[in-house]
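Presented below is the structure to which this report refers.
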Amino acid sequence: FFPPFQDLNNYVYYSIGFSGTSASAPLVSGIAALMLSANPNLTYRDVQQILLLSARHIDRADPDVITNGAGLMVSHNLGFGVPDAGAAVTLALHWTNRPPVTSITVSNTTVAAIPDDGLRVLVSGANIPAIHTLPSTGVQADTPTAALPLVYVGLATNSIAINLTNKGALIERGTNNFSDKIAFAAQAGAAFAIVRNFATNSDPNSAPGGDQLIPMTTDFAPIPAVFIGYNDGVALENIFATNASATAQISLNSTSKVFTVTNTLLCEQVGLRVMTDHPLRGDIRITLVSPSGTRGVLQRFNADTNAGPTDWTYWSTHSFFESSAGYWTAYFSDEFAGNTGSVQFASLTILGTPITDTDHDGLDDNWEIAHFGTLSYGAKDDPDHDGYNNMREYLMGTDPLVPNPIVANLSPWNGTLARLSWTSSAGPNYTVLGGADVANLMTVTNFPGAFPEMEWFVPYTNAMQFFGVRSP
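Okay, here's the thing in structure tokens:
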């Protein structure tokens, strides 16, 4: 961008813009500075938690987004979302500093062998061996997929006309990228995808064909997918072409370590210290599942050729604001054949703040009794239907039984438009009022609600105008 538009260079996205951690670090640092200018008493933990609560996901195509036990949307691809500077500053103005952090550590010293080459395609029927695979970088079958019929769909270069609901897709490598192939299969209804190598490869600059296994980069692929060799793929195609009752599934064989936590903390960071004697740590997949069922991926299959992890602590924020009490389970898998090892030692460390929480929902019992007179509500519940669940209301210090008021703002957008924005929730409809007489505003338009904010653009003129927003 050239004068007078050179300032746009700082804001555009994709290949022509400022991107990566080089861009995100100063962006978030700037938001933190705004928060501290509004409330200089914030600690680093307060800043982090306000950023977390004010962020929102704008890419709903991310298949990795889950809702954790505290009702927060989180993803390995995009974290807790994009920080909202306005929401962060508003929270900072009214924030009460969090109590000091404490930690607990639970260890498991039982030696456990990690099953070698644990990621397989399992096919029903007698004398059919499990098929060797390599994983994708996207969604994985940490729990086995359903055992389903498998349909060969060729190269999957375009939308697939076959209805693949309650089926798996067998796809040929070539022409288009892996993510597109898997996305087309998912759009046709497939529950999982198996991509087979092509027979030969004449391109010296790409991975060979035949039975060579290659990992697939598919961070945003919406369904579990694995890569298999050409001959295994042909055998699969033949089995399912001649056997209508055959089924296939993707299964990951793992070993696990369980940690029993009796302390009731409101979780912040969770660390897993791991010692193994494995000679190739790039083969290892490590995940951690909280008592609420939230799975954090601590390490995935990669090209690291060093041994281990010999002694490393992995940290996760996926369970932020969940209750610590209950059973935490770490899973260890080996996703490539030829090297074996065992987990020698593992320990779980939880950083958080102590609360009285007999029902283990992450909400302090005293707060629940004071507002509801009962412990029957959960962290994800939203009894006042304002879009802020009980965990957010608890942290923000607001009343969970009284909807947050509508806060509206009108500001110039450009030379011809003004932007009216207001806080909103997904339940009610909103009516925009307008007119020259503030005492007699008339209905201008209506919108169905969306959380946490809505906007409407109006012609920007020199004439005196007033605007209002209301909901039933």
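If you use my numbering, the sequence shown corresponds to residues -10 to 461, in order. Note that beta-carbon positions come from the ideal geometry of N, C-alpha and C, so glycine has one too.
Three-state secondary structure (DSSP) of residue i
i, result
"Gln454", "coil"
"Ala22", "helix"
"Leu390", "coil"
"Thr134", "coil"
"Leu463", "Because the chain is modelled from -10 through 461, residue 463 falls outside the range shown and cannot be assessed."
"Leu337", "strand"
"Tyr320", "strand"
"Ala397", "strand"
"Pro437", "strand"
"Gly75", "helix"
"Pro15", "helix"
"Ile120", "strand"
"Leu40", "helix"
"Thr10", "helix"
Where the alpha helix (DSSP H) containing residue i begins and where it ends
i, result
"Phe229", "Tyr219 to Thr231"
"Met500", "In the structure as shown, the chain starts at -10 and stops at 461, and residue 500 therefore has no counterpart that could be examined."
"Ala359", "Asp354 to Phe361"
Boundaries of the beta strand (DSSP E) in which residue i is found, first to last residue
i, result
"Trp84", "Segment: none, Trp84 is in no beta strand (DSSP E) and carries neither H nor E."
"Ile275", "Ile273 to Val278"
"Pro448", "Glu442 to Pro448"
"Leu422", "Asn418 to Gly424"
"Arg49", "Here Arg49 belongs to no beta strand (DSSP E), and DSSP marks it neither H nor E."
"Trp402", "No beta strand (DSSP E) contains Trp402, which DSSP labels as neither H nor E."
"Ser96", "Thr91 to Asn97"
"Ser305", "Trp301 to Ser305"
Assigned exposure category for residue i - 16 Cβ within 10 Å defines buried
i, result
"Met431", "exposed"
"Phe173", "buried"
"Leu406", "exposed"
"Ile273", "buried"
"His374", "exposed"
"Ile339", "buried"
"Gln238", "buried"
"Asn186", "buried"
"Phe290", "buried"
"Leu82", "exposed"
"Trp317", "buried"
"Gln129", "buried"
"Val250", "buried"
"Asn379", "buried"
"Ala314", "buried"
"Asn152", "exposed"
"Gly199", "exposed"
"Trp304", "exposed"
"Asn435", "exposed"
"Pro466", "Not covered by the structure: residue 466. The range shown for the chain is -10 to 461."
"Asp323", "buried"
"Gly70", "buried"
Bridge partners - residue i, DSSP secondary structure assignment
i, result
"Pro104", "Beta-bridge pairing links Pro104 to no other residue."
"Trp381", "It is Arg, not Trp, that sits at residue 381 in the sequence shown. DSSP, once it has assigned bridges, lists no residue as partnering Arg381."
"Tyr141", "Leu159"
"Val247", "Thr318"
"Gly330", "Ile103"
"Gln288", "Ile275"
"Ser64", "Gly68"
"Pro343", "Leu254"
"Ile149", "Looking at the DSSP assignment, Ile149 forms no beta bridge with any residue, so it has no partner."
"Leu111", "Gln238"
"Arg270", "Beta-bridge pairing links Arg270 to no other residue."
"Leu409", "Leu399 and Trp445"
"Thr312", "According to the sequence provided, residue 312 is Ser. The question's Thr does not apply to it. Answer is Leu255, bridged to Ser312."
"Ser125", "Met205"
"Thr56", "Met62"
Scan the stretch 156 to 241 and note each continuous alpha helix (DSSP H) run of 4 residues or more that stays entirely inside, going in chain order. Runs found: 167 to 176 and 219 to 231.
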